[in-house]
Amino acid sequence: MLSLALVAGVSDACAQSGAFVPVRKSRPAATSNTSIDAATNWTFRMKSESVVNSPIVRLGDVVVPLDPNIPGWPRMSRSAVGLVPVSGKAMRVDRQRLTEVILNAEATPRRLYWIGPDATEVTYVAVANPAASVATTSGVANSGATNSGSAIQQANYNQPANAVQHANGQSPAGQQVANRIDPSPQRANLDPQFADRLIRWIELALLREDASLLERYKLSIDRHQPAIQQLELARGIQAANFVNGVKSGPSVLRVVSQGLEGNIQTDLIVSLEKNPVAIVPIKSIRSGNRLGRADLTERPIPIDEWDDSYCTDPIELVGMETRSNLRGNEPILRSQIGKPTLIRRGDLVEVRVINGSISVTTNAKSLGDGAESELVEIETLEPRKRLVARVVNSGEVEIVTRAPQAR
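Quick note, the sequence shown lines up with residues 186 to 592 if you use my numbering.
Structure (structure tokens):
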């Protein structure tokens, strides 16, 4: 009887950081070992969800071998696992069922290892043109064909899995590729956790080229686009560059990855949305200080963190006074700044009372703070009487009364 060892919960911390997963290196095809003995070890990665275009679920739809050169895998990948409901209801497949499928096949190994989730959910999606579907069980990493359309059309085009990608944009001889986007509902059959990890690797590759890119723009990558399927055997992202430069809107991102069988290159469709810019102080500023241009700088803010009360124009802030403490590199709210305070509580001010063409000047004490054109309460010295005056200048307020009218 064959013995079976299942290893669950294998750490993938290095994969989350963008490093290569430590797996057994693939042997060259010329020297590949096709025999299976007591020392043979096979390792499979379980997908957490899968989308199939046929009611028959096969082994290659739900698992990915970490070594694509294992003996007999092309045959085993076509082994039937079960039938998925065509109503669209998801079918759950666990490791135990898959283990039985592998053990019942001919020439199975002595030890079998698993990484990834314990089960996968398979959903059936009908395809209008199955012949144009991207093959997900062949294990071919460098699939794809280019057409003569735009770069975005080429990245969205759904090619056969064994087509050859040419750098010069020409199709293989004798093969006519339609110059359009295939309207059939194609979806990449990738494990969501692995797809999210790929996107994180791509972001890290972009940050190596431009450290502030993800601060200036919000990057969106559809993990279900067919082109991302080519990265199924990727073990890290070597480079990621925008074909037509960095700009808002849909863009083509050329990704180069290192896979088990060599380098993989694919063009992904991504969306860049420019983040709004807020004015922030270079360093913390206490309340009551006036702002200068040298105290301010700009900082992009993620769209989901944006507040319409943030200040966006540094010119409007120059010469203003802080109403509360400002923290360095934090957006300035409009309520945190105001006109400079000209009169403070307890100041002795000059009061000018204007009544028509008559103007009387006296002294009073301010009972509050006020900026230009603001109203403050004052108290006259002799006799002691409280009045409300308007601030006109530093240490000067005025009271305008109604001029007498002759009847």
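Heads up, the beta-carbon is just placed ideally off N, CA and C, and yes, glycines get one too.
query = Under a three-way DSSP split, which group does W386 fall into?
reply = helix
message = Please give me, in chain order, every unbroken run of the beta strand (DSSP E) with length at least 3 that falls completely inside the region 434 to 488.
response = List check, beta strand (DSSP E) in window: 434 to 444, 447 to 459, 462 to 466 and 481 to 485.
query = Among the residues of its own chain, which have a CB less than 7 angstroms from the CB of N514, if the five just before and after it don't count?
reply = V465 and R484
inquiry  = Bridge partners for E234 per DSSP, in chain order?
reply    = E306
ask   = If you draw a straight line from the alpha carbon of I422 to that of A390, how long is it in whole angstroms?
value = 7 angstroms
message = Using 8 angstroms for Cβ pairs, my map puts V576 next to V561. What's the rounded Cβ distance?
response = 6 angstroms
query = What do you reckon, are the CB atoms on P411 and A373 nearer than 7 angstroms?
reply = Cβ atoms of P411 and A373: closer than 7 angstroms.
task = Please go through the same chain and pick out, in chain order, the residues whose beta-carbon is closer than 7 angstroms to the beta-carbon of Q499, but skip the five residues on each side of it.
result = It is Pro, not Gln, that sits at residue 499 in the sequence shown. Within the same chain, P499 has close Cβ partners I464, R478 and L481.
key: Within-7 angstroms CB hit, L418 to chain D   = Here chain D cannot be found, since the structure has a single protein chain.
ask   = Among residues of its own chain, excluding the 5 on either side of V455, which ones have a beta-carbon nearer than 7 angstroms to its beta-carbon?
value = Within its own chain, the residues whose Cβ lies closer than 7 angstroms to the Cβ of V455, once the five positions on either side in sequence are excluded, are L404, S405, I406, S436 and L438, listed in chain order.
task = Would you identify the three-state DSSP class for D250, choosing helix, strand or coil?
result = At residue 250 the sequence reads Pro, which differs from the Asp that was named. Three-state result, P250: strand.
key: Touching by the beta-carbon criterion (3+ pairs, under 8 angstroms), the region 524 to 542 and the region 488 to 496   = no
message = Suppose contacts are defined by Cβ-Cβ distances below 7 angstroms. Is R571 in contact with E564 by that definition?
response = It is a contact, given that the beta carbons lie within the stated cut-off.
ask   = What are the partner residues of S412, as DSSP defines its beta bridges?
value = Just to set this straight, residue 412 is Ala in the shown sequence, not Ser. In the DSSP output, where bridge partners are listed per residue, A412 has none listed.
request  = Let me know the secondary structure DSSP gives A193 once reduced to three states.
outcome  = Annotation note: pLDDT 38 at A193 (below 50); position unreliable, coordinate value reported separately. In the three-state reduction of the DSSP assignment, A193 falls in the coil class, being assigned neither a helical nor a strand state.
task = Rounded to whole angstroms, what's the CA-CA distance from S233 to G245? Just pull it up for me.
result = 13 angstroms
V593 vs V269 beta-carbon contact at 7 angstroms = There is no way to answer for residue 593, as the model of the chain reaches only from 186 to 592.
ask   = Tell me which same chain residues have a C-beta within less than 6 angstroms of the C-beta of K274, skipping the five on either side of it?
value = Answer for K274: no residue qualifies.
key: Identity of the residue in T451, E557 and D303 nearest Q414 by Cα   = T451
request  = Consult DSSP for E564 and reduce its assignment to one of helix, strand or coil.
outcome  = It is a strand residue.
ask   = What three-state label does DSSP hand D279 in the structure shown?
value = In this structure, D279 counts as strand in the three-state DSSP scheme.
task = Go ahead and pull the three-state DSSP assignment for E559.
result = coil
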